[in-house]
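Worksheet: the structure to be examined is printed underneath.
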Amino acid sequence: MAEHDLKRLFRIQELEQKLIRLERFRKTSPETQLVNELQERAGKFQKLQSVLDKRIAVAQRSVRSRELALAAAEQSQGAVRERLYEGGITNPRELSQLEKRLAELTVQVEKEETDLLQALEELETLEAQKSKVDAAEAKARRELHTAQQKLEHMQSAWDLEEAMVRDELEELRSQVSPSALALYERKKASTEGTPIAQVIRGVCGGCRMTLPASVTALRGAVTSTCEQCGRILYWPD
86 MAEHDLKRLF RIQELEQKLI RLERFRKTSP ETQLVNELQE RAGKFQKLQS
136 VLDKRIAVAQ RSVRSRELAL AAAEQSQGAV RERLYEGGIT NPRELSQLEK
186 RLAELTVQVE KEETDLLQAL EELETLEAQK SKVDAAEAKA RRELHTAQQK
236 LEHMQSAWDL EEAMVRDELE ELRSQVSPSA LALYERKKAS TEGTPIAQVI
286 RGVCGGCRMT LPASVTALRG AVTSTCEQCG RILYWPD
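In terms of the working numbering, the sequence shown opens at residue 86 and continues consecutively.
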């Protein structure tokens, strides 16, 4: 392999690794993590809003049902009381039955009033909870919007950096011989994406093993590979 091809391929490898690091940083940057956290938080509040909306709807139906039941009981109570006290009934047995019925309806009215009060209290509690969740969700959305704007600004800078790296990569690839580029691509699979190892003080930069003297003596005069990891060795100028 020509020395200029090897030099360019090493630079290509550096740029490819830079793209990998950039993509990793995009996903793990503080700005990205904050947006993800706020999205998750807002999502939880929205789910809670949905749950509370359903519970409030059930509570509202319960209140309406209790109101109707109370109204019906009060109407029946009023009708029996009117018959009992209008003076038209003189039969002791019938009067006794009406008094008993009035007592039963009075108990029923009291029960319906208690049930309605409980239903109203439950509805009031749910609505108070919903109000707090609505406020928390609105705050989370505002924070998310601010964080997304900051992330978008950062992404613009990352996009520019990535574009510059890709432009350089494209130019370098066009300057490397097809055979050298093909060898580079073939070795990627067995070298974790880094087929070229820079030699530093006689040590392979890929596997960190000391190279034999027979290899270091050549110092790039011929293309050689590391006996340990199989990477193509590159001696910097």
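Each residue gets a CB set at the ideal place from its N, CA and C atoms; glycine is no exception.
Inset, instruction - Please check the pair Val148 and Leu208, which I expect to be a contact at CB under 8 Å, by giving their CB distance rounded to whole angstroms. - result: If you number the sequence shown from 1, residue 148 lands on position 63. If you number the sequence shown from 1, residue 208 lands on position 123. That belief holds up - the Cβ atoms of Val148 and Leu208 are roughly 6 Å apart, short of 8 Å.
Inset, instruction - Taking Gln102 as part of the alpha helix (DSSP H), name the residues at either end of that continuous run. - result: Here residue 102 refers to the residue found at position 17 of the sequence shown. Element bounds for Gln102: 88-113.
Inset, instruction - Only counting runs of 3 or more residues, tell me where the beta strand (DSSP E) segments fall wholly within the stretch 232-269, in order along the chain. - result: none
Legend entry - Stretch pair the stretch 111-131 + the stretch 217-237: three plus CB contacts closer than 8 Å: yes
Inset, instruction - Closer than 6 Å by C-beta to Ser262: which residues in its own chain qualify, once you throw out the five before and the five after it? Chain order, please. - result: Here residue 262 refers to the residue found at position 177 of the sequence shown. Asp90.
Inset, instruction - Answer yes or no: do Leu137 and Val218 have a C-beta to C-beta separation smaller than 9 Å? - result: Counting from 1 along the sequence shown, the entry for residue 137 is found at position 52. Counting from 1 along the sequence shown, the entry for residue 218 is found at position 133. Contact flag set, yes.
Legend entry - Test item: CB-CB of Pro321 and Val288 under 9 Å: Walking along the sequence shown from the start, residue 321 turns up at place 236. Walking along the sequence shown from the start, residue 288 turns up at place 203. The answer is no: Cβ separation not under 9 Å.
Legend entry - Delimiting residues of the alpha helix (DSSP H) encompassing Val307: Position 222 of the sequence shown, counted from the start, is the residue given in the question as residue 307. Counting along the chain, Val307 falls outside any alpha helix (DSSP H), and DSSP gives it neither H nor E.
Legend entry - Assumed close pair Arg140, Leu211 - CB separation to whole angstroms, cut-off 8 Å: Taking the sequence shown and counting its residues from 1, the one referred to as residue 140 is at position 55. Taking the sequence shown and counting its residues from 1, the one referred to as residue 211 is at position 126. The pair is a contact, with the Cβ atoms about 5 Å apart (cut-off 8 Å).
Legend entry - Cβ-Cβ distance between Val165 and Arg178 below 9 Å: Here residue 165 is taken as the residue at index 80 of the sequence shown, counted from 1. Here residue 178 is taken as the residue at index 93 of the sequence shown, counted from 1. No; because the gap between Cβ atoms is not below 9 Å, this pair is not in contact.
Inset, instruction - Check whether the stretch 127-135 touches the stretch 289-296, taking contact to mean three or more Cβ pairs, one atom from each stretch, closer than 8 Å. - result: no
Inset, instruction - Check whether the stretch 234-247 touches the stretch 265-281, taking contact to mean three or more Cβ pairs, one atom from each stretch, closer than 8 Å. - result: no
Inset, instruction - State the Cα-Cα distance for the pair Val250 and Leu100, rounded to the nearest angstrom. - result: In the sequence shown, residue 250 corresponds to position 165, counting from 1. In the sequence shown, residue 100 corresponds to position 15, counting from 1. For Val250 and Leu100, the distance between alpha carbons rounds to 6 Å.
Legend entry - For Met239, the nearest candidate out of Ile97, Gly163, Pro115, Val192 (CA to CA): To locate residue 239, count along the sequence shown from 1; it is residue 154. The shortest Cα separation from Met239 among Ile97, Gly163, Pro115, Val192 belongs to Pro115.
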